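Trainee:
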Amino acid sequence: MINFQLILVFVVLVFILVSLYKEIFGATFTFLVAVVVLGFFGVLTPAEILAGFANEQIAVIIMLLLMGDIIRRTAIIELVFDKAFQGVKGYRGFLGRMMIIVSGLSAFLNNTPLVAVMMPYVNSWCKKNDISPSKLMMPLSYAAILGGCATLIGTSTNLIVNGLVVDQEILPDLRSLRIFDFVYVGIPMILIGFLYLFFWGEKLLPSREKLDEDSPENNRTYLIETQVRKNSDLIGKTIEESGLRNMKGLYLVEIQRDNRKIFVVSNNLIISQDDILVFAGDTAPVAELTKSGSGLTIPSVGMLHKKKQTVVVEIVISHNSSMIQKSLKEINFRSRYDAAVIGIHRNEERITSKLREVVLKAGDVLMLYSGGDFVSQSQGTRDFYFISRVKEFKKVEGYKIAIVMGGMLLAIFLAAMNVITLFMGL
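Each residue of the sequence shown is one higher than the last, beginning at 1 in my numbering.
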């Protein structure tokens with residue numbers, strides 16, 4: 001005769017499957033309800049319920065997740081990606097570097113934050129080079145999965161199974177696996193996956209249209225003023241040689257030089273120091289111009305780039321704003337909100353004035369360069385509404401990188417040499 005506890009376990013399992021599949025509740029709440037129900041009816045004892053929290057493998061997984069989040073917050077991964085993908089041309093060139101770097105990092109870091117950080121780089125590079133992101137997003141996921149198979153800590157599955165096999169004594173005298181015991185299988189898997197995607201990925205992966213192209217934020221065209229940096233590589237080059245005509249999503253509208261405006265910009269015009277270059281462009285390309293490596297600077301930003309954390313955000317002027325019918329110069333926006341206006345978008349109207357002289361209207365969308373706390377500090381204002389956070393920049397401090405990476409590498413090395421357990425190392 002089937003007893004009550006067996007039926008209850010079956011019902012709980014069905015509840016878990018349906019809840020997760022239909023996304024009725026979150027995973028955390030679903031499993032919490034399951035444990036509480038099983039504990040309430042005596043299927044699980046309190047000791048059995050608490051045993052999971054004392055499991056060393058579970059604790060290691062939590063520590064690795066925390067370590068991955070710490071590394072993400074220090075912007076180390078972004079720094080690696082910035083250096084690795086600088087100036088990469090061609091689909092296979094980008095794919096090859098991406099596969100090597102992502103699979104290497106995923107062998108020691110959690111896959112989710114790694115892929116989340118990498119996705120904007122893939123999307124941005126695809127837009128610049130007119131390649132469908134679908135041809136690189138799948139290889140990105142595969143690289144992270146394959147890299148996770150190369151070490152014991154590469155994926156939580158390896159740790160859980162290793163712990164169960166040892167704790168349950170499934171095989172007599174079976175020792176716990178070490179960190180690099182998986183490389184004999186993992187490395188060949190990475191190589192096979194790399195070669196397959198490198199030579200056949202472009203042909204087999206679909207080329208889908210970018211789904212976000214019709215969204216309002218990508219249809220907004222901003223006017224942005226930039227200035228040629230002192231000692232910039234652009235100085236002395238023609239417009240054509242500098243590549244300013246071929247910037248994806250940006251169009252050179254005019255050049256301001258010695259208090260005069262050049263509206264029809266010839267390809268043979270030579271760039272001079274302190275030239276003001278006025279661009280019109282979409283949201284993402286305009287935000288990219290704020291990077292220090294472009295050879296251009298945004299005069300209105302001033303010393304804001306010295307802050308530890310800065311963001312590029314979009315706001316819209318409200319209908320009851322005190323800034324309506326006033327110019328940015330009159331408002332003194334920079335001092336008032338500790339943020340620099342780097343671009344203005346106005347529906348059905350082209351802005352020809354200097355940004356500081358533009359008279360604002362209700363519904364104008366401004367792109368701002370500000371400190372990381374701008375959104376929280378400006379929540380109470382009625383002058384504008386926050387739309388989106390376009391890009392975020394973090395200053396990476398060398399000693400923090402050394403401490404975090406040095407500590408993690410030391411822990412992995414000592415655990416690999418069986419000097420200490422990975423739990424103690426982390």
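Every residue gets a Cβ at the ideal spot worked out from N, C-alpha and C, and that includes glycine. Note that the structure is predicted; figures quoted are calculated from it, not measured.
Alpha carbon to alpha carbon, how far is serine 106 from serine 215? Give it in angstroms, no decimals.
Mentor: Sequence index remark: in the sequence shown, residue 215 carries index 215 (1-based). Sequence index remark: in the sequence shown, residue 106 carries index 106 (1-based). Low confidence applies here, because serine 215 scores a pLDDT of 49, under 50, leaving its location unreliable and the question unanswered by this model.
Trainee: With a cut-off of 8 Å, do at least 3 Cβ pairs link the stretch 132 to 148 to the stretch 201 to 209?
Mentor: At 8 Å Cβ cutoff, the stretches touch.
Trainee: Roughly how many angstroms lie between the CA atoms of phenylalanine 413 and phenylalanine 423, to the nearest whole one?
Mentor: Mapped onto the sequence shown, residue 413 falls at position 413. Mapped onto the sequence shown, residue 423 falls at position 423. Cα-Cα distance, rounded: 13 Å.
Trainee: Count the other CB atoms within 10 Å of the CB of arginine 92; is the residue buried (16 or more) or exposed (fewer)?
Mentor: Numbered from 1 along the sequence shown, position 92 holds the residue referred to as residue 92. Arginine 92 comes out exposed.
Trainee: State yes or no: is the C-beta of glycine 68 within less than 7 Å of the C-beta of asparagine 129?
Mentor: By one-based count along the sequence shown, residue 68 stands at place 68. By one-based count along the sequence shown, residue 129 stands at place 129. It is not a contact, given that the beta carbons lie outside the stated cut-off.
Trainee: If distances are taken between C-alpha atoms only, which option among Ile70, Ser141 and Ile101 comes closest to alanine 84?
Mentor: Taking the sequence shown and counting its residues from 1, one reaches residue 84 at position 84. Cα-wise, what sits closest to alanine 84 is Ile101.
Trainee: Does the distance from the CB of proline 113 to the CB of asparagine 123 come in under 7 Å?
Mentor: On the sequence shown, position 113 is the one that residue 113 refers to. On the sequence shown, position 123 is the one that residue 123 refers to. No.
Trainee: Closest to valine 341 by CA distance: which of Val12, Phe263 and Val365 is it?
Mentor: Residue 341 sits at position 341 when you count from the first residue of the sequence shown. Looking at the Cα atoms, Val365 is the closest of the given residues.
Trainee: Short of 8 Å in beta carbon distance, which residues of its chain neighbour asparagine 162, apart from the five on each side in sequence? Order them along the chain.
Mentor: The residue labelled residue 162 in the question sits at position 162 within the sequence shown. Hits under 8 Å: Gln57, Leu152, Ser176 and Leu177.
Trainee: Along the chain, where does the beta strand (DSSP E) that runs through glutamine 309 open and close?
Mentor: Stepping through the sequence shown from its first residue, residue 309 is reached at position 309. Unbroken beta strand (DSSP E) run through glutamine 309: 309 to 317.
Trainee: Can you tell me which of Thr421, Ile70 and Met99 puts its alpha carbon nearest to the alpha carbon of phenylalanine 81?
Mentor: Here residue 81 refers to the residue found at position 81 when the sequence shown is read from its first residue. The candidate whose alpha carbon is nearest that of phenylalanine 81 is Met99.
Trainee: List the whole-angstrom C-beta distance separating isoleucine 317 from alanine 280, where the pair is believed to meet the contact cut-off of C-beta under 8 Å.
Mentor: Numbered from its first residue, the sequence shown carries residue 317 at position 317. Numbered from its first residue, the sequence shown carries residue 280 at position 280. The Cβ separation is near 20 Å, so there is no contact.
Trainee: Please state whether the Cβ-Cβ distance between aspartate 275 and isoleucine 255 is less than 7 Å.
Mentor: Your numbering for residue 275 matches position 275 in the sequence shown. Your numbering for residue 255 matches position 255 in the sequence shown. Yes, these two residues count as a Cβ contact at 7 Å.
Trainee: Do you know whose CA, among Asn267, Gly39 and Glu23, lies nearest leucine 8's CA?
Mentor: Walking along the sequence shown from the start, residue 8 turns up at place 8. Considering only alpha carbons, the answer is Gly39.
Trainee: Under 8 Å Cβ to Cβ from serine 327, same chain only, skipping five residues before and after it: list those, please.
Mentor: On the sequence shown, position 327 is the one that residue 327 refers to. The residues are Arg356, Glu357, Val358, Val359 and Leu360.
Trainee: For histidine 319, count neighbouring Cβ atoms within 10 angstroms of its own Cβ and tell me buried if that reaches 16, exposed if not.
Mentor: Start at 1 with the first residue of the sequence shown, and residue 319 comes out as number 319. Its Cβ having fewer than 16 others within 10 Å, histidine 319 is exposed.
Trainee: Serine 272 by DSSP, collapsed to three states: which one?
Mentor: Working through the sequence shown from its first residue, we reach residue 272 at position 272. Here serine 272 sits in coil by DSSP.
Trainee: Out of Met323, Ile315, Glu349 and Thr421, which one is the CA nearest neighbour of glutamine 379?
Mentor: For the purposes of this step, residue 379 is identified with residue 379 of the sequence shown, where counting begins at 1. Selected option, being the one with the closest Cα: Ile315.
Trainee: Could you check which residue in Val43, Leu269, Arg346 and Leu95 has the C-alpha nearest to that of leucine 234?
Mentor: As a first step, residue 234 is located in the sequence shown; it is residue number 234 there, counting from the start. When only C-alpha atoms are compared, the closest one is Leu269.
Trainee: Going by DSSP, what residue range makes up the alpha helix (DSSP H) through glycine 201?
Mentor: Along the sequence shown, one-based indexing puts residue 201 at 201. Segment 183 to 204, the alpha helix (DSSP H) holding glycine 201.
Trainee: What does the alpha-carbon distance come out to for the pair aspartate 167 and tryptophan 200?
Mentor: Here residue 167 refers to the residue found at position 167 when the sequence shown is read from its first residue. Here residue 200 refers to the residue found at position 200 when the sequence shown is read from its first residue. Their Cα atoms are separated by approximately 43 Å.
Trainee: Using the three-state DSSP reduction, which class does leucine 250 fall into: helix, strand or coil?
Mentor: Here residue 250 refers to the residue found at position 250 when the sequence shown is read from its first residue. Strand.
Trainee: Leaving out five residues on either side along the sequence, give the residues of the same chain with a beta carbon under 6 Å from the beta carbon of alanine 34.
Mentor: In the sequence shown, the residue the question calls residue 34 occupies position 34. Val12 and Ile16.
Trainee: Determine the burial state of methionine 408: buried for a count of at least 16 other Cβ atoms within 10 Å of its Cβ, exposed for fewer.
Mentor: Here residue 408 refers to the residue found at position 408 when the sequence shown is read from its first residue. Buried: at least 16 other Cβ atoms inside 10 Å.
Trainee: Nearest-angstrom Cα distance between methionine 1 and phenylalanine 10?
Mentor: Residue numbering aside, residue 1 sits at position 1 when the sequence shown is read from its first letter. Residue numbering aside, residue 10 sits at position 10 when the sequence shown is read from its first letter. Its pLDDT being 44, under 50, methionine 1 is placed unreliably by the model, and the measurement read from it follows with that caveat. Taking the straight line joining both Cα atoms gives about 15 Å.
Trainee: Report back the beta-carbon spacing between threonine 30 and leucine 20 to the nearest angstrom; my notes put them in contact at under 8 Å.
Mentor: In the sequence shown, the residue the question calls residue 30 occupies position 30. In the sequence shown, the residue the question calls residue 20 occupies position 20. Yes, threonine 30 and leucine 20 are in contact; Cβ-Cβ is about 6 Å, under 8 Å.
Trainee: Report the start-end ranges of each alpha helix (DSSP H) in the stretch 96 to 173 that is 4 residues or longer and not cut off at the edges.
Mentor: Correct list: 111 to 128, 134 to 148 and 156 to 167.
Trainee: Skipping 5 residues on each side, what residues in its chain have a beta carbon closer than 7 Å to that of leucine 211?
Mentor: By 1-based counting over the sequence shown, the position of residue 211 is 211. Summary for leucine 211: the model assigns pLDDT 47, below 50, so the residue's position carries little reliability, and this model does not support an answer.
Trainee: Determine the direct distance from the alpha carbon of valine 43 to that of alanine 415, and round the result to whole angstroms.
Mentor: The residue you call residue 415 lines up with position 415 of the sequence shown. The residue you call residue 43 lines up with position 43 of the sequence shown. The straight-line gap from Cα to Cα measures roughly 37 Å.
Trainee: Could you have a look at methionine 424 and say whether DSSP puts it in helix, strand or coil?
Mentor: Sequence index remark: in the sequence shown, residue 424 carries index 424 (1-based). Methionine 424 falls in the helix class under three-state DSSP.
Trainee: In the DSSP output, what is valine 14 paired with across the bridge?
Mentor: By one-based count along the sequence shown, residue 14 stands at place 14. Answer is none; valine 14 lacks a bridge partner.
Trainee: By the three-class DSSP mapping on this structure, what secondary structure does isoleucine 351 have?
Mentor: In the sequence shown, residue 351 corresponds to position 351, counting from 1. DSSP places isoleucine 351 in coil when its eight states are reduced to three.
Trainee: State the CB to CB distance for the pair leucine 61 and tyrosine 222, rounded to an integer number of angstroms; the pair is presumed to be in contact (CB under 8 Å).
Mentor: Here residue 61 is taken as the residue at index 61 of the sequence shown, counted from 1. Here residue 222 is taken as the residue at index 222 of the sequence shown, counted from 1. Checking the sequence, you will find isoleucine at residue 61 rather than leucine. At roughly 44 Å, the Cβ-Cβ gap does not stay under 8 Å, so isoleucine 61 and tyrosine 222 are not in contact.
Trainee: Quick check: what's the CA-CA separation for phenylalanine 194 versus threonine 45?
Mentor: By 1-based counting over the sequence shown, the position of residue 194 is 194. By 1-based counting over the sequence shown, the position of residue 45 is 45. Each residue's alpha carbon lies about 48 Å from the other.
Trainee: Output needed for glutamate 240: all residues of its chain with C-beta closer than 8 Å, excluding positions within five of it in sequence on either side, in chain order.
Mentor: For this step, residue 240 is matched to residue 240 along the sequence shown. For glutamate 240, where only same-chain residues beyond five positions count, the Cβ hits under 8 Å are Asn267 and Asn268.
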